[in-house]
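Student: Quick note: the sequence shown, position 50, residue 50 per the UniProt record's numbering, numbers continuous.
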Amino acid sequence: MVGGKLLKGRTYGPIRAIGEELDAQIKWKNKTKVATLIKDDHTITMQAGSKVVTVNGIKILMDASVHLEDGRIYLPMRYVSEALGELIRWDKGRQYAVLGDEYREHLFIYVQPIFFRDAIEILDKEISNSGNDYTEMTDASYLDYSYPSQKSMTITSTKVVWEEDVYLTQEASLVKKNGKWVVTSINESTELYRP
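Here is the structure:
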């Protein structure tokens with residue numbers, strides 16, 4: 001799910017997307033600013049501005065509350081996951097949280113400063129403009145990325161270039177300047193491929 005938020009060290013997800021991804025029923029009472037999520041036998045109620053979550057009628061004190069921004073409602077994911085009896089894990093390098101265990105990951109909440117696929121499109125355009133037609137990152141057989149900060153990103157891509165019998169590895173860096181993401185470096189290296 002793209003569109004998550006990282007606020008004061010907490011991961012928030014948009015209520016509508018959470019409901020769709022988890023196949024849960026979502027209710028929002030605009031007058032009282034109360035959000036309700038119903039999934040199987042779990043009923044979770046949170047109110048904007050309140051640090052109390054009600055799970056199946058039991059009130060629990062949170063260290064976060066519902067967040068409202070630009071007409072969208074965001075729920076603190078730690079409390080959603082706990083109320084549903086799910087694990088939640090945070091991947092700091094890739095800037096996302098995932099609900100579920102290692103065998104059943106069913107909800108990803110991305111809080112990345114730029115979504116990695118959007119960054120790859122920027123890189124592919126830059127690579128294509130340089131005249132390297134066959135090295136676009138979207139064709140990678142291995143792709144990794146990380147966010148050293150909220151204004152920088154690193155992407156590594158490796159693939160086999162069959163016509164030259166080599167592994168091609170590309171490392172690219174992007175930074176956010178004046179509100180726009182730009183490529184600051186692209187490094188390529190090759191290694192002989194032996195099938």
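Cβ atoms here follow ideal geometry from the backbone N, Cα and C, with glycine treated the same way.
Output the boundary residues of the beta strand (DSSP E) element that contains Glu-188.
Tutor: Note, Glu-188: beta strand (DSSP E), 180-192.
Student: Can you tell me where the beta strand (DSSP E) holding Ile-153 begins and where it ends?
Tutor: The question names Ile, yet the displayed sequence has Met at residue 153. Residues 152-161.
Student: Can you grab the Cα-Cα spacing for the pair Gly-71 / Trp-28, in whole Å?
Tutor: Distance between the alpha carbons of Gly-71 and Trp-28: 12 Å.
Student: Pick out whichever of Gly-57, Glu-20, Tyr-74 and Thr-190 has its Cα sitting closest to the Cα of Ala-48.
Tutor: Measuring from the Cα of Ala-48, the nearest candidate turns out to be Tyr-74.
Student: Under 8 Å between the Cβ atoms of Met-77 and Thr-36?
Tutor: No, the pair does not count as a contact, with Cβ atoms beyond the cut-off.
Student: Measuring CB to CB, does Thr-169 end up less than 8 Å from Thr-158?
Tutor: Yes, the Cβ-Cβ distance between Thr-169 and Thr-158 is below 8 Å.
Student: Does Ile-60 pass the burial test, meaning 16 or more other C-beta atoms within 10 Å, or should it be called exposed?
Tutor: Exposed: under 16 other Cβ atoms inside 10 Å.
Student: If Val-98 sits next to Leu-107, beta carbons under 8 Å apart, how far is it from one beta carbon to the other, in whole angstroms?
Tutor: Confirmed, about 7 Å.
Student: Could you say which of Val-111, Ile-155 and Gly-179 lies nearest to Lys-92 if we only look at CA atoms?
Tutor: Per the Cα distances, Val-111.
Student: Note down the Cα distance separating Lys-5 from Thr-54, rounded to an integer number of angstroms.
Tutor: Those two C-alpha atoms are separated by around 22 Å.
Student: Per DSSP, which one or two residues make a beta bridge with Ser-149?
Tutor: Partner(s): Ser-152.
Student: Between which residues of its own chain and Ser-65 is the CB-CB distance below 8 Å, once the five residues before and five after are set aside?
Tutor: Contacts found: Met-46, Gln-47, Ala-48, Gly-49, Ser-50, Lys-51 and Pro-76.
Student: Taking Cβ to Cβ, would you say Ser-152 is nearer than 8 Å to Leu-174?
Tutor: Closer than 8 Å, so yes.
Student: From this set, Asn-30, Lys-33 and Ile-38, which residue's C-alpha is nearest Glu-20's C-alpha?
Tutor: It is Ile-38 whose Cα lies nearest to the Cα of Glu-20.
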